[in-house]
């Protein structure tokens, strides 16, 4: 390592209350030791790993010091407490992203273009100001001419009575008003020119802001290899403890994803991989008996699809036993014994809280915790998770996530004069129904949508606001995640719009059905609906109505 690298590490090591971190850090759970690898200094920084401030002073003294003879990729540094001193709580610092300088240069160019557009808008604004002044002067002159006309009107009448022709009087009046005609024509020409400049500048501004938005989003994008690089060791440890042979295949490591999404998707991926290895893959003996290679395969891949990223975890194991899932669901009271399940419905039951088909409880599985966490966390990220399986061939988990959580496309709806936003990724369709089409089944409201019966959630009742009910038609937005669907009743539909998500203060984060807020173009604050919570509310509403036997109000 160079002297410059050593000096930089020593300088950063003196900064108090922060944490050392690298992209491919190996975490030891017992001590929280962070090991940095020299060959990964050129990769983007990984999400900050919590410091081992839960360890006592004795354990912290046993932590190996960071070697200073090799370069490190640093996101933050934590100063170790002095011997004999009381342990202080670490202050979590913002993580650092390594950004390609070409992206910064591109943003600077776009900022330069916005300055040019700003100057153009200033000129347009000045032009509108001049047009307004011309209009005021023309109005004043018009009033003067009109006043003079009424004062001269008796004179014109006298001329007509004395034999002057109407044509002569008309020409005389037109000469008096010719000046104001010219002023108004000039005003009209200037106004049209300013409007044309304004529209042109608006189009350029729209293009530049779009590119600027894309550029800023790219700064937050990091390769998903930061996540995938952690799985070889995880798979190796699991296969050793479970005495299985597994080959891990990783594809699409260069696929980029928003850093905040990457930080939140790690645990769901770990759950899926653990489930595939423990439940999906057979033991070497069972695989050999089934005519398969003793070594199973786990395939972890990622690719872009529009404004989303698709992460796939696939195995070539035994697949999901639909009948086993069905029997377990009946045992837990999730379905009626007479209900006929499709394969998709059976597969999605494994995401129910506490659901497990494991025959015994181990350190890896069987505790009923895992896949329900996956679904909740993915839905929290405005994503979806689905599973497909074929008996004897294996299972595939497909996770769909938005590229970024900062900006979403939403459907604007109105409820009692207030505007709410539904993430467009969760919207299936919108329709109008008559009040007579709403039925009660087991005392909860439903409506028919072609061959399906969907629950109806009245958002005005959920948010405790009044909505006009004396209407011949009601607007319903059908939303869904996975195989779950529900209808949301709204007052009217406004349209689609890209919105910037603003976080809510702590006191509002527990509000049911609300995911965040945004500011619309007119300055109005609008709340963004949490479709996942609304789906849970709809299902809970059905269950409570069935148990209580009372009509939903």
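In this note's numbering, the protein residues as written are -13 to 539. Ideal Cβ placement from N, Cα and C applies to all residues, glycine included. It should be emphasised that the depicted structure is a prediction, and the values quoted were computed from it without experimental measurement.
Per-residue DSSP class, three states only, for residue i
i	result
residue 267	coil
residue 504	strand
residue 209	strand
residue 498	coil
residue 147	helix
residue 510	coil
residue 475	strand
residue 65	Here the model assigns residue 65 a pLDDT of 36, short of 50, so the residue's position is not dependable, and the following value carries that caveat. Residue 65: coil per DSSP, three-state reduction.
residue 170	helix
residue 459	coil
residue 281	coil
residue 519	helix
residue 162	helix
residue 82	coil
residue 421	helix
residue 242	strand
residue 318	coil
residue 470	strand
residue 137	helix
residue 447	helix
residue 400	strand
residue 437	coil
residue 276	coil
residue 338	coil
residue 293	coil
residue 287	strand
residue 220	helix
Beta-carbon proximity check, residue i vs residue j, cutoff 8 Å
i	j	result
residue 396	residue 409	yes
residue 128	residue 159	no
residue 462	residue 490	no
residue 401	residue 465	no
residue 336	residue 327	no
residue 238	residue 89	no
residue 574	residue 289	Examination of residue 574 is not possible in this model, given that the chain is present from -13 through 539 alone.
residue 276	residue 378	yes
residue 85	residue 248	no
residue 217	residue 286	yes
residue 363	residue 254	yes
Contacting residues, own chain, Cβ-Cβ under 7 Å from residue i (five flanking each side not counted)
i	result
residue 535	Any answer about residue 535 is weak, because its pLDDT of 46 lies below 50 and its placement is not dependable; what the coordinates show is given next. Hits under 7 Å: 429.
residue 36	Low local confidence applies: a pLDDT of 40 at residue 36 is under 50, so the model's placement there is unreliable, with the coordinate-based value given in what follows. Within the same chain, residue 36 has no close Cβ partners at all.
residue 502	487, 488, 489, 490 and 514
residue 519	498 and 499
residue 504	407, 485, 486, 487, 488, 512 and 514
residue 295	241, 243, 288, 387 and 389
Rounded C-alpha distance that separates residue i from residue j
i	j	result
residue 210	residue 241	6 Å
residue 144	residue 161	19 Å
residue 174	residue 106	21 Å
residue 329	residue 472	21 Å
residue 141	residue 168	26 Å
residue 521	residue 470	7 Å
residue 419	residue 440	13 Å
residue 325	residue 315	11 Å
residue 155	residue 164	14 Å
residue 370	residue 189	35 Å
residue 260	residue 386	19 Å
residue 438	residue 449	27 Å
residue 100	residue 186	14 Å
residue 523	residue 338	15 Å
residue 108	residue 96	18 Å
residue 284	residue 221	9 Å
residue 282	residue 517	37 Å
residue 93	residue 82	18 Å
residue 342	residue 212	30 Å
residue 191	residue 119	27 Å
residue 233	residue 308	26 Å
residue 268	residue 245	35 Å
Own chain residues within Cβ distance below 8 Å of residue i, not counting five before or after
i	result
residue 381	262, 266, 300, 301, 303, 305, 306, 373, 374 and 375
residue 482	395, 396, 397, 398 and 410
residue 146	152 and 155
residue 366	250 and 518
Identified DSSP bridge partners for residue i
i	result
residue 106	DSSP output for residue 106 lists no bridge partner at all.
residue 88	DSSP lists no partner for residue 88.
residue 384	298 and 372
residue 485	394
residue 431	426
residue 416	463
Sequence-distant residues of the same chain with beta carbon closer than 6 Å to residue i, five excluded per side
i	result
residue 70	Here residue 70 scores only 39 on pLDDT, less than 50, and its place in the model should not be relied on; the value that follows carries that caveat. Here the set comprises nothing.
residue 177	117
Residue i: CB within 7 Å of a non-hydrogen atom of the ligand GTP
i	result
residue 301	The ligand GTP is not part of this structure, which contains no ligands at all.
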